[in-house]
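For the sequence shown, my numbering begins at 2 and goes up steadily by one.
All C-beta atoms in this analysis are idealised placements derived from N, C-alpha and C, irrespective of residue type, glycine included.
Report on the following structure.
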Amino acid sequence: MTAFRMLDTFVLRRAGFPFGLLAGLDCPRTAAALRAAHRCGKRAEAARAGLLESTIPAEVERLRAHGDKAALRALSKLRARVGRRAPAELPAGPWSAELVSGHREWTGASDEAAAHTARAGELLAQEEPPAAAGLRAATGRTDVREAVFLLSPDFLDSLVRRDERPVDASRTARDRAIERREYAYLQRLGAKNETTSFFGPVCFGRVDPEADAIACGPETPSGVASRETFATFWVAVAWGRAAAAIPSIRRRLPPRRLPVAIIDETGTARVPGRTPVPLTGADLALVRAADGVRTAAELGDVTGIGPEEAERRVAALERTLLLRRDLEPSSTTVYPLRDVVERLPDVPAAARFKDAAEDFDALLARFAEEPGVAERAKILEAAEELFTSVTGADARRNQGRTYADRFILFEDCHADGQPVRWPAATARRLERALDPVLRLGLTGGRVQHEGLRALAAEVLAEHGGSLPFLDFADVFAARLATGAFEPVLDTWGRWRTALLDRFLAVSDGRRAFLTPEAVADLTDPPDGAFFVSPDVMLQAADDAPLVLGEIHPYVFAWGLQAHFAPDPAELAGDVEPVLEVWGGREHAATVLHRRQHKGLVGSTYPGTFIEVTGRSGAPDGRAVAAGELRAVLRDGVPELVGPNGPLSLYIGEDDHPHLRVFAPVPVDFPRLRAGEHTPRLVLGDLVVQRERWDLPAGALPDVLAAATRLELFAAVVAERERRGWPRHVFALSPAETKPVCLDLDVPQAQEHLRTLAAAGPLAISEMLPGPEELWLHRSTGGHTSEFRVALTARVGPTP
């Protein structure tokens with residue numbers, strides 16, 4: 002009986018393009034010749050080592066015994082050549098059969114290696130131009146051009162300009178630079194499961210007790226059922242900032258207290274990092290009454306000080322940063338610009354912002370409906386001109402960064418193939434496979450969670466059992482900085498090491514398989530209700546194990562993905578039981594930071610929003626300011642308390658320990674590392690970790706030092722042979738936000754490997770499922786894909 006049970010709804014994340022998009026870009030005969038050269042080189046090195054370490058020293062002793070000085074001089078010259086790796090014919094002399102044989106093996110293998118290397122140079126000259134032409138053909142496809150346009154119009158412009166130049170057999174450095182970027186975009190389109198436009202559409206599925214096998218709905222030619230274009234969040238921010246800068250609009254905006262402002266019992270207001278401000282009389286009344294709904298004039302009526310005096314005092318309080326009048330968009334809506342416009346006051350100066358927003362929305366709608374890149378480019382240009390005319394801001398930002406809101410709009414799509422139907426047997430298999438690793442994750446999460454809560458209890462006890470939450474965060478961080486948490490981490494580290502040792506004890510060097518029973522004694526989850534949302538990949542072979550991706554704490558029904566659910570009411574009903582994890586909707590709370598991109602928490606979130614740097618926009622009183630919270634010690638247990646009672650945080654982020662104190666125990670399966678190489682780790686029917694190589698900075702000196710394309714190709718082949726890398730890998734370094742898929746037989750991928758390695762430490766992991774093991778096959782070929790599922794568990798006694 003498994004503790005973790007899967008919800009009926011799940012999400013399929015898939016690449017919109019088949020992995021075959023990356024086919025034909027390699028140089029297979031060059032790679033084969035260099036592999037042969039490497040093998041011959043290894044033979045030569047083995048023979049050379051034998052000569053230097055045993056054969057030549059034995060020959061020296063034999064010749065000394067016979068007093069043959071001429072032969073010894075010749076042998077000394079030979080030894081020097083062997084040491085310099087400079088093969089030459091063996092001179093005439095009274096040599097032993099062992100020396101003759103060893104020298105023949107060394108020179109023969111060296112000659113073969115040189116011949117294979119020379120042949121590889123010829124083959125690279127033959128193969129690389131058509132492979133580069135394949136890159137050009139792939140990025141010349143209409144659908145690929147559209148995807149590139151949505152990701153980087155500037156790069157599309159580079160491709161168009163390149164196309165206008167005559168094709169020259171001698172590719173320039175500029176051509177090669179464009180090719181490297183072409184490969185980067187193709188791997189993102191054909192090997193990544195992103196939620197982005199038609200090349201990463203959102204697809205929902207359900208467990209169907211009547212289904213006999215996994216089945217997808219019908220395909221469409223475009224791969225999507227519908228498209229929608231959205232204004233990016235930073236556009237709404239700029240729009241609201243421009244409007245709020247106009248005095249007649251600003252005066253009509255309702256003041257709101259800065260969410261991180263703390264007002265103590267003496268009336269002193271504190272904002273982190275600023276001098277405390279004593280408040281008395283009307284100022285204190287205004288700050289306490291400022292709710293983000295009533296204008297300064299209305300607050301003047303409520304507090305009895307009158308509209309004019311209230312306006313003067315509000316302006317002064319804005320300068321102290323205690324109050325603000327702004328049009329900060331909600332961080333929980335998928336339509337932040339509409340949120341800004343709806344809050345504009347009814348004054349003449351606001352009309353142009355409202356009218357322009359209508360025009361902007363119309364352009365977004367046209368963009369979603371228009372399939373052609375040329376027309377879309379015109380629409381984007383018009384939208385950018387409109388945006389800049391309204392806000393005075395540049396319409397593009399963060400140019401050159403791979404993952405960022407660069408443009409004023411983005412597109413997401415409803416996928417075709419919905420709904421995906423799983424038979425109950427598939428869901429039960431997934432539960433059985435995941436349950437052991439999720440229990441282990443709860444065990445690791447419990448160790449750290451209990452340690453953090455114990456330290457929090459100590460801190461609160463030292464401060465009278467109660468602190469404003471933001472003060473608690475600072476004091477708690479200071480306590481952790483003293484090393485107080487190190488004993489807990491040591492305990493957790495010993496547990497993690499014990500788990501790794503179990504795998505390594507059964508490893509054959511590349512694979513390590515354990516049954517769940519083999520680690521049962523390391524499993525000690527806490528009692529309670531828990532939630533987790535892992536990514537799981539199926540492989541083509543039915544008997545192949547499932548593959549675990551990332552493990553998430555987020556309820557996908559409460560974020561942007563819920564916007565694309567075929568039946569939102571059904572989805573909401575499916576996830577309603579998970580609220581037990583947080584003690585029900587009256588206790589569930591999420592800390593709301595200002596949205597950076599699409600947002601992980603939406604307005605469908607059922608609990609309380611704790612505003613810090615973001616604004617919730619919740620109309621039903623579900624928002625509280627972080628400055629209103631207190632951390633208290635109740636019956637020896639730390640508790641977070643808001644104006645309406647105790648709160649349980651939705652998630653506790655790894656880099657915010659003070660949040661983890663008040664959140665449920667996370668499912669925290671550890672990353673297991675065994676030095677520079679960690680084998681593939683399999684627990685029962687689940688690959689819990691792909692084979693991986695963690696390389697320190699400078700670990701690939703030959704790759705970094707390679708001067709020519711052939712030298713780089715040879716260095717990559719040598720590293721593959723030496724380390725056992727498969728052809729298709731994912732590489733992650735400080736230079737990239739997300740891993741890059743590399744086909745190591747592709748010259749442009751090798752260039753990316755060198756760039757990533759130069760940026761610092763490098764992590765290489767096998768692609769699993771590999772190209773031949775992909776589960777999802779559409780009419781266009783095999784697609785990379787993963788299922789994001791949601792599971793709940795009730796462990797221990799039922800309350």
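A contact is defined here as three or more CB-CB pairs under 8 angstroms, and the stretch 539-557 meets this definition with respect to the stretch 761-777. Contact between F368 and L381 holds: CB atoms are separated by about 7 angstroms, below the 8 angstroms threshold. Secondary structure remark: continuous beta strand (DSSP E) runs of at least 3 residues inside the stretch 468-519, in chain order: 512-515. Take the alpha-carbon of K739 and the one of V161: they are about 27 angstroms apart.
Boundaries of the alpha helix (DSSP H) around A286: 282-290. Following the DSSP letters along the chain, one finds Q690 inside the beta strand (DSSP E) bounded by residues 687-690.
D27 is classed as buried because its beta carbon has at least 16 other beta carbons within 10 Å across all chains shown. In summary, S331 is buried, with 16 or more beta-carbon neighbours lying within 10 Å of its beta-carbon over all protein chains present. I611: member of the beta strand (DSSP E) spanning 609-612, first to last residue. P671 carries a coil assignment under DSSP once its states are collapsed to helix, strand and coil. The C-alpha of L431 is placed about 48 angstroms away from the C-alpha of R258. The C-beta distance from S649 to W583 rounds to 4 angstroms, short enough to fall under 8 angstroms. Under DSSP, the beta-bridge partners assigned to L13 are C204, F788. Collapsing the DSSP output to three states places P279 in a strand. E309 and V348 have their C-alpha atoms spaced approximately 18 angstroms apart. The beta carbon of P260 sits closer than 7 angstroms to those of E612, V613, A626, A627, G628, all from its chain and outside the five residues before and after it, given in chain order. Where T173 is concerned, there is no enclosing alpha helix (DSSP H), because DSSP gives it neither an H nor an E. Assignment of F156 by DSSP, reduced to helix, strand and coil, places it in the helix class. E412 sits buried, since 16 or more C-beta atoms from the chains shown fall within 10 Å of its C-beta. Taking the CA atoms as reference points, D360 sits about 10 angstroms from R353. Per DSSP, P567 lies in no beta strand (DSSP E) and is assigned neither H nor E. If you compare the alpha carbons of G676, R755, D744 with that of E712, the shortest gap goes to R755. For R257, the secondary structure class from DSSP, reduced to helix, strand or coil, is strand.
By the neighbour-count criterion, in which 16 or more other beta carbons inside 10 Å mark a residue as buried, E180 falls on the buried side. Inter-residue distance for E640 and V662 is about 8 angstroms (C-alpha atoms, whole angstroms). Cβ contact annotation for V717 (same chain, cutoff 8 angstroms, sequence separation greater than five): V704, L745, Q751, L754, in chain order. Per DSSP, S617 has no beta bridge partner at all. K355 and F234 have their C-alpha atoms roughly 17 angstroms apart. Residue range 421-423 is occupied by the beta strand (DSSP E) that includes W423. If you look at E128, you'll find it in the alpha helix (DSSP H) that goes 98-141. Taking C-beta atoms under 8 angstroms as the contact rule, F150 and A378 qualify, at a distance of about 7 angstroms. For C41, the uninterrupted alpha helix (DSSP H) run begins and ends at 29-51, by DSSP. When the beta-carbon positions are compared, V460 and V476 come within less than 8 angstroms of each other.
Taking C-alpha positions only, D417 is separated from A16 by approximately 12 angstroms. For the 8 angstroms CB-CB criterion, R691 and A764 do not form a contact.
Rounded to whole angstroms, the gap between the alpha carbons of H415 and E571 is 17 angstroms.
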